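For reference, the structure discussed in these notes is given below.
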Amino acid sequence: MSFKGALMDHGSEFGAHRINKDGSWDSEFKRRIEELGIKPILVRVRHPQTNGKIEKWFDTYQRFRGEFESFEEFVQWYNKRPHGTLKLEQLESPQDASGIDYR
1 MSFKGALMDH GSEFGAHRIN KDGSWDSEFK RRIEELGIKP ILVRVRHPQT NGKIEKWFDT
61 YQRFRGEFES FEEFVQWYNK RPHGTLKLEQ LESPQDASGI DYR
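Going by the UniProt record's numbering, 30 is the number at position 30 of the sequence shown; the sequence numbering is gapless.
Right, here's the structure in full:
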């Protein structure tokens, strides 16, 4: 499994609290993930919707991870299960909504 991006808040552990006037920022963490081909994505300040999505993902992972033999198996289940925020009458999953084949 590979990661294309990493959502981050403006916490000091990411170095993102030191943003330059042009909107750029730098930290050891940012450089390391960029070396791995992962794009750092800062969530907007005072915009809890974005951070809330990832917080909900981690909550679901914490509650259900013991039911799966691997992280990959959990991700497959998570992406294919019906989500209440999507078209529930059609039992739409994140994979259905995005049109992306996660295999």
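Glycine is no exception: its CB is placed at the ideal position from the N, C-alpha and C atoms. Just so you know, these numbers come straight off a predicted model, no measurement behind them.
Review point. Does at least one heavy atom of the ligand MN sit under 7 Å from the Cβ of histidine 10?
Key: This structure lacks the ligand MN, and indeed carries no ligand of any kind.
Point to revise | Environment of lysine 30 [buried if 16+ CB atoms lie within 10 Å] | key: Sequence index remark: in the sequence shown, residue 30 carries index 30 (1-based). So lysine 30 counts as buried.
Check your understanding: Can you tell me where the alpha helix (DSSP H) with glycine 52 in it begins and where it stops?
Key -> Numbered from its first residue, the sequence shown carries residue 52 at position 52. Taken as a continuous stretch (DSSP letters only), the alpha helix (DSSP H) holding glycine 52 covers 48 to 64.
Practice item. Identify the continuous beta strand (DSSP E) that holds lysine 21 and give its terminal residues. Key: Reading the sequence shown from its first residue, position 21 is the one you call residue 21. Segment: none, lysine 21 is in no beta strand (DSSP E) and carries neither H nor E.
Check your understanding: What are the boundary residues of the beta strand (DSSP E) that includes lysine 4?
Key -> Along the sequence shown, read from residue 1 onward, the residue named residue 4 stands at position 4. No beta strand (DSSP E) contains lysine 4, which DSSP labels as neither H nor E.
Practice item. Would you list the one or two residues that DSSP bridges to proline 82? Key: For the purposes of this step, residue 82 is taken as residue 82 along the sequence shown, with counting starting at 1. In the DSSP output, where bridge partners are listed per residue, proline 82 has none listed.
Check your understanding: Could you give the distance in angstroms between the alpha-carbon of arginine 65 and the alpha-carbon of lysine 21?
Key -> One-based indexing of the sequence shown puts residue 65 at position 65. One-based indexing of the sequence shown puts residue 21 at position 21. For arginine 65 and lysine 21, the distance between alpha carbons rounds to 41 Å.
Review point. When you compare each of Met8, Ser27 and Tyr78 to tryptophan 57 by their alpha carbons, which one comes out closest?
Key: To locate residue 57, count along the sequence shown from 1; it is residue 57. It is Tyr78.
Check your understanding: For arginine 32, which residues of its own chain have a beta-carbon under 7 Å away from its beta-carbon, when the five flanking residues on both sides are left out?
Key -> On the sequence shown, position 32 is the one that residue 32 refers to. Counting only Cβ-Cβ distances below 7 Å, and skipping sequence neighbours, we find nothing.
Check your understanding: Can you give the Cα-Cα distance for leucine 42 and threonine 50, rounded to whole angstroms?
Key -> Here residue 42 corresponds to residue number 42 of the sequence shown, with the count starting at 1. Here residue 50 corresponds to residue number 50 of the sequence shown, with the count starting at 1. Answer to the nearest angstrom: the Cα atoms are 10 Å apart.
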